[in-house]
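Visitor: Here it is: the structure, laid out below.
There are 2 protein chains.
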Amino acid sequence: MARPERSLYIGIDGGGSKTCCVVGDASGQVIHAGYGGATNVKSSSRAETEDVLLHLLEDTLARCGASMGNVRGLSLCLAGGHRPSDKAAMKQFMVPYFSPETRIDVQSDATAAWAAGTWGQPGIVLIAGTGSIAYGRLSPEGREERAGGWGYLLGDEGSGFELSRKALQAVLRHYDGRGPATVMTEAVLARLGLNQPEELIDWLYGHPAMRRELAALSDIVMDAAGNGDHVGETIVADAVGELTEQVRAVRKRLGDDNLPVITAGGLFSAPYFYSTFQSAWRQHVGKTGECRLLTLPPAVGAYYLALHGAGLASPTTGKTIENSLRE
Amino acid sequence: MARPERSLYIGIDGGGSKTCCVVGDASGQVIHAGYGGATNVKSSSRAETEDVLLHLLEDTLARCGASMGNVRGLSLCLAGGHRPSDKAAMKQFMVPYFSPETRIDVQSDATAAWAAGTWGQPGIVLIAGTGSIAYGRLSPEGREERAGGWGYLLGDEGSGFELSRKALQAVLRHYDGRGPATVMTEAVLARLGLNQPEELIDWLYGHPAMRRELAALSDIVMDAAGNGDHVGETIVADAVGELTEQVRAVRKRLGDDNLPVITAGGLFSAPYFYSTFQSAWRQHVGKTGECRLLTLPPAVGAYYLALHGAGLASPTTGKTIENSLRE
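Here it is in structure tokens:
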């Protein structure tokens, strides 16, 4: 069954809620994708992260009838993994599991989304999910710049977490008598099975997965805004304003005001949010440069980077990968 | 030494960082004040809170040459202790340690500050320390209303935590190239011994006492604002605006737009913050009603409530307590 002579390349996109592992061959044919738990090197312990990664790798390879020995290139793109010391530690952990000639590269998860959106060409990926960040790069080895993404307390402006946090704040403001009424009050209480806004406190602060649970309420904000709720509209308008600023800052720092922008992450999958962002983007930035939605999973970008690292990427590799996903 | 016939009354103000226990006699004479660790029923475990309270009570009474048997009234005002179920549980825990005739009452910590600021008369206390809340009451048994104080994620607008959080956000915005420069960048890095704004992330998210440590930076914001730093000025102006709204909401809900306002908590001890709030207050609310600073420790308000509960408070009790503190 096993074909030990086979050379495989792996891309991993590790996030705060799940991790995706894409296995393909040297020609850009994706063979299999597997999923595991969270691998955020900041919020999970290193041991947990390593454990998730090892099991996911072994399991995904086994499903391809292969093993660690078949892997020639591994591109690990992990949430929170942009610091040189974190990268070095993760690489050092991985090395003993693979053959000596295997190339192992560690990057941040934003790099995977960028590669899936640009296939290594200059561009900026704007990610708005639970968190948010604008990340731009000129080539896989070239300059990279970021704006935002400083986490739920200091950054993540325009993220699902921030959108929902502001929604609950608005609900409590109205409850206190210091803010206008909003349809979100009823919608939030109904979703969470609560009777009174006051109960939001116990629900939120006691929750072990607080950030994710909160961010999951962002569709309520978008529904409210889409139906003309003024409070919801203001929250969404502020969010797209923040995201626009993040992109502008990265474009400026990379010295190219025409870099294409690829939007990714859960918020942009809501048509209302995406179209509001597009309007704000056109208005603030003008018609310079492309702006489109990332439709591929970021892990295929990590797989592209593994091929690129091995000198196997060509201008048509991206197309080959995309076609192999459709098969 | 011990005088077992002596009747004592105790007020406790329990907060997120420390707890103060005031022991006095039936006439309003404060005998001793003791201090212990945090007793926030929301952020500490119940067992920890109970442990801190018991030790603090025993220790403070011992220093007065007394014991639990001398206590005739206990007013426990605890952070996060405004829910009926929390109050009942805490009271139930305390009962076995005292004699059957001892009156035990549990309230929120805001009630202690209110009582210290009003001696039981109608009024509103506006607290801005690590967190923030406006709390108003018409009498010790009368109606109470609050605004704000929903914790660091959903409320605490205008608090030290929020002031500092916005300052660090501004520092990172400038670092990203999406916000104006501010003198707070240098001041924050110097205070924390960091070289780059990026290092704020590891400092903050890894910190076990994150909220308190962050709030402790609020003097940097006030210094910046006081010296004309525009970013700092905006942050302080937003904070006093939020606090003004909290007071307005409570006045309105208590149905009296002339209720006196007493400001308390660490932020107001900064002259710049207090004077900025006074200006905003006069501008937004007009000249209706008194606004002054709480100069007594809130725990003496809790002690007043213990006397009041025993039917020992008179219109002059507040003055008696104040005078006994000066001796």
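Line by line, the protein sequences give chains A and B.
First residue of the first sequence: 1, per the UniProt record's numbering; consecutive thereafter.
First residue of the second sequence: 1, per the UniProt record's numbering; consecutive thereafter.
Quick reminder that beta carbons are idealized off the backbone N, C-alpha and C, glycines included.
(1) Taking C-alpha atoms, which residue in B:VAL261, B:ILE321 and B:SER279 lies nearest to ARG248 (chain B)?
(2) Using a Cβ cut-off of 7 Å, pull out every chain B residue sitting near LYS252 (chain A), in sequence order please.
(3) Should LEU204 (chain B) be flagged as near chain A, meaning a C-beta pair shorter than 8 Å?
(4) Does the Cβ of PRO100 (chain B) have 16 or more other Cβ atoms within 10 Å, making it buried, or fewer, making it exposed?
(5) Is there a Cβ from chain A that is less than 8 Å from the Cβ of residue 338 (chain B)?
(6) Taking the C-alpha atoms as reference points, what is the distance between ALA280 (chain A) and GLY265 (chain A)?
(7) Ordered along the chain, which non-local residues of its own chain (more than five positions away) have a Cβ less than 6 Å from that of ASP156 (chain A)?
(8) Are the Cβ atoms of THR295 (chain A) and TYR304 (chain A) separated by less than 8 Å?
(9) Here's the rule: buried if 16 or more other CB atoms are within 10 angstroms of the residue's CB, otherwise exposed. What is GLU198 (chain A)?
(10) If you draw a straight line from the C-alpha of GLY149 (chain A) to the C-alpha of GLN169 (chain B), how long is it?
(11) Measuring straight from C-alpha to C-alpha, what distance separates LEU194 (chain B) and VAL125 (chain A)?
(12) Measure the Cβ-Cβ separation of VAL250 (chain B) and ARG146 (chain B) and say whether it is below 8 Å.
(13) So which residues on chain B does GLN246 (chain A) lean against when the C-beta distance must stay under 9 Å?
(14) Whole angstroms is fine: what's the gap from ASP109 (chain B)'s alpha carbon to PRO271 (chain B)'s?
(15) Determine, using beta carbons only, whether GLY11 (chain B) and ALA112 (chain B) come nearer to each other than 8 Å.
(16) With a CB to CB cut of under 6 Å and the five nearest residues on each side skipped, what residues in its chain are close to ALA2 (chain B)?
(17) Taking only runs that begin and end inside the segment 169-232 of chain A, name each unbroken alpha helix (DSSP H) of 4 or more residues, in chain order.
(18) Exposed or buried, ARG326 (chain A), counting other C-beta atoms within 10 Å across all chains shown (16 or more means buried)?
(19) Does ALA310 (chain A) come out as helix, strand or coil in the three-state DSSP assignment?
(20) Any idea if PRO297 (chain B) is buried or exposed, counting beta-carbon neighbours within 10 angstroms, 16 or more meaning buried?
(21) Could you tell me the boundaries of the alpha helix (DSSP H) in which ARG83 (chain B) lies?
(22) Using a Cβ cut-off of 8 Å (strictly closer), state whether GLN278 (chain B) contacts chain A.
(23) Contact defined as beta carbons within less than 8 Å: I believe ALA47 (chain A) pairs with ALA299 (chain A). What is the distance between those atoms, to the nearest angstrom?
(24) Using DSSP bridges, identify the partner residues of ARG146 (chain A).
(25) CB ARG63 (chain A) to CB TYR9 (chain A), shorter than 8 Å?
(26) Name, please, each residue of chain A whose Cβ falls closer than 7 Å to the Cβ of GLN283 (chain B).
(27) Residues of the segment 164-175 of chain B in Cβ contact with chain A at a cutoff of 7 Å, in chain order, please.
(28) For GLU290 (chain B), which residues in the same chain have their Cβ closer than 8 Å to its Cβ, ignoring the five residues on either side in sequence?
(29) Go ahead and label MET184 (chain A) buried or exposed: buried means 16 or more other beta carbons lie within 10 angstroms of its beta carbon, across all protein chains shown.
(30) Look at the Cβ atom of LEU74 (chain A), then the Cβ atom of ALA306 (chain A), and state whether they are nearer than 8 Å.
(31) Would GLU141 (chain B) be called buried (16 or more neighbouring beta carbons within 10 Å of its own) or exposed?
(32) Rounded to whole angstroms, what is the Cα-Cα separation between PHE268 (chain B) and VAL188 (chain B)?
(33) Chain A beta carbons: is any one of them nearer than 8 Å to that of ALA264 (chain B)?
(34) Kindly provide the ranges of any alpha helix (DSSP H) runs that are 4 or more residues long and lie completely inside the segment 235-303 of chain A, ordered along the chain.
(35) Count the other CB atoms, across all protein chains shown, that sit within 10 Å of the CB of SER45 (chain B); report buried if there are 16 or more and exposed otherwise.
(36) CB GLY129 (chain B) to CB GLY160 (chain B), shorter than 8 Å?
Guide: In brief:
(1) Along the second sequence, read from residue 1 onward, the residue named residue 248 (chain B) stands at position 248. With distances taken between Cα atoms, ARG248 (chain B) lies closest to B:VAL261.
(2) The residue labelled residue 252 (chain A) in the question sits at position 252 within the first sequence. Per Cβ cutoff of 7 Å: GLY177.
(3) Start at 1 with the first residue of the second sequence, and residue 204 (chain B) comes out as number 204. Chain A contact via Cβ: present.
(4) As a working mapping, residue 100 (chain B) is identified with position 100 in the second sequence. So PRO100 (chain B) ends up on the exposed side.
(5) This structure leaves residue 338 (chain B) out entirely; chain B is present only between 1 and 327.
(6) Looking up residue 280 (chain A) in the first sequence gives position 280. Looking up residue 265 (chain A) in the first sequence gives position 265. Each residue's alpha carbon lies about 18 Å from the other.
(7) Start at 1 with the first residue of the first sequence, and residue 156 (chain A) comes out as number 156. So the qualifying residues of the chain are GLY131, SER132 and GLU162.
(8) The sequence position of residue 295 (chain A) within the first sequence is 295, counting from 1. The sequence position of residue 304 (chain A) within the first sequence is 304, counting from 1. It is not a contact, given that the beta carbons lie outside the stated cut-off.
(9) The sequence position of residue 198 (chain A) within the first sequence is 198, counting from 1. Exposed, since its Cβ has fewer than 16 Cβ neighbours within 10 Å.
(10) Taking the first sequence and counting its residues from 1, one reaches residue 149 (chain A) at position 149. Taking the second sequence and counting its residues from 1, one reaches residue 169 (chain B) at position 169. Computed Cα separation, rounded: 11 Å.
(11) In the second sequence, counting from the first residue as 1, residue 194 (chain B) sits at position 194. In the first sequence, counting from the first residue as 1, residue 125 (chain A) sits at position 125. Rounded to the nearest angstrom, the two C-alpha atoms are 29 Å apart.
(12) Numbered from its first residue, the second sequence carries residue 250 (chain B) at position 250. Numbered from its first residue, the second sequence carries residue 146 (chain B) at position 146. Yes.
(13) In the first sequence, the residue the question calls residue 246 (chain A) occupies position 246. Within 9 Å Cβ-Cβ: ASP176 and ARG178.
(14) Working through the second sequence from its first residue, we reach residue 109 (chain B) at position 109. Working through the second sequence from its first residue, we reach residue 271 (chain B) at position 271. In this model, ASP109 (chain B) and PRO271 (chain B) are separated by some 24 Å (Cα to Cα).
(15) The residue you call residue 11 (chain B) lines up with position 11 of the second sequence. The residue you call residue 112 (chain B) lines up with position 112 of the second sequence. Contact flag set, yes.
(16) Here residue 2 (chain B) refers to the residue found at position 2 of the second sequence. Note that ALA2 (chain B) scores 47 on pLDDT, short of 50, meaning its location in the model is unreliable; the coordinates nonetheless yield the value given after this. GLY65.
(17) 184-192, 200-205, 210-215 and 218-226
(18) Within the first sequence, the letter at position 326 stands for residue 326 (chain A). Exposed.
(19) The count along the first sequence starts at 1 and reaches residue 310 (chain A) at position 310. It is coil, neither helix nor strand.
(20) Locating residue 297 (chain B) in the second sequence gives position 297, counting from the first residue. So PRO297 (chain B) counts as buried.
(21) Locating residue 83 (chain B) in the second sequence gives position 83, counting from the first residue. Run containing ARG83 (chain B): none; DSSP gives neither H nor E here.
(22) Residue mapping note: residue 278 (chain B) aligns to position 278 of the second sequence, counting from 1. It does not: the Cβ of GLN278 (chain B) has no partner Cβ on chain A nearer than 8 Å.
(23) Position 47 of the first sequence, counted from the start, is the residue given in the question as residue 47 (chain A). Position 299 of the first sequence, counted from the start, is the residue given in the question as residue 299 (chain A). About 23 Å separates the two Cβ atoms, so there is no contact after all.
(24) One-based indexing of the first sequence puts residue 146 (chain A) at position 146. Answer is A:TYR135.
(25) Reading the first sequence from its first residue, position 63 is the one you call residue 63 (chain A). Reading the first sequence from its first residue, position 9 is the one you call residue 9 (chain A). In this structure, TYR9 (chain A) does not lie closer than 8 Å to ARG63 (chain A) by Cβ.
(26) Start at 1 with the first residue of the second sequence, and residue 283 (chain B) comes out as number 283. Those do not exist, as GLN283 (chain B) stays about 17 Å from chain A at its closest Cβ, beyond 7 Å.
(27) Residues passing the 7 Å Cβ filter: ARG165, LEU168, GLN169 and LEU172.
(28) Here residue 290 (chain B) refers to the residue found at position 290 when the second sequence is read from its first residue. Excluding sequence neighbours, GLU290 (chain B) sits near PRO260 and VAL261.
(29) As a working note, residue 184 (chain A) is residue 184 in the first sequence. Counting C-beta atoms within 10 angstroms of its own C-beta, MET184 (chain A) has 16 or more neighbours from the protein chains shown and is therefore classed as buried.
(30) For the purposes of this step, residue 74 (chain A) is taken as the residue at position 74 of the first sequence. For the purposes of this step, residue 306 (chain A) is taken as the residue at position 306 of the first sequence. The answer is yes: Cβ separation under 8 Å.
(31) Counting from 1 along the second sequence, the entry for residue 141 (chain B) is found at position 141. Exposure of GLU141 (chain B) is indicated by the presence of fewer than 16 other C-beta atoms within 10 angstroms of its C-beta.
(32) Position 268 of the second sequence, counted from the start, is the residue given in the question as residue 268 (chain B). Position 188 of the second sequence, counted from the start, is the residue given in the question as residue 188 (chain B). Using only the alpha carbons, I get a separation of about 21 Å.
(33) As a first step, residue 264 (chain B) must be located in the second sequence, where it is residue number 264. Chain A contact via Cβ: absent.
(34) 271-285
(35) If you number the second sequence from 1, residue 45 (chain B) lands on position 45. SER45 (chain B) should be labelled exposed.
(36) Residue 129 (chain B) sits at position 129 when you count from the first residue of the second sequence. Residue 160 (chain B) sits at position 160 when you count from the first residue of the second sequence. Result yes, Cβ atoms of GLY129 (chain B) and GLY160 (chain B) sit closer than 8 Å.
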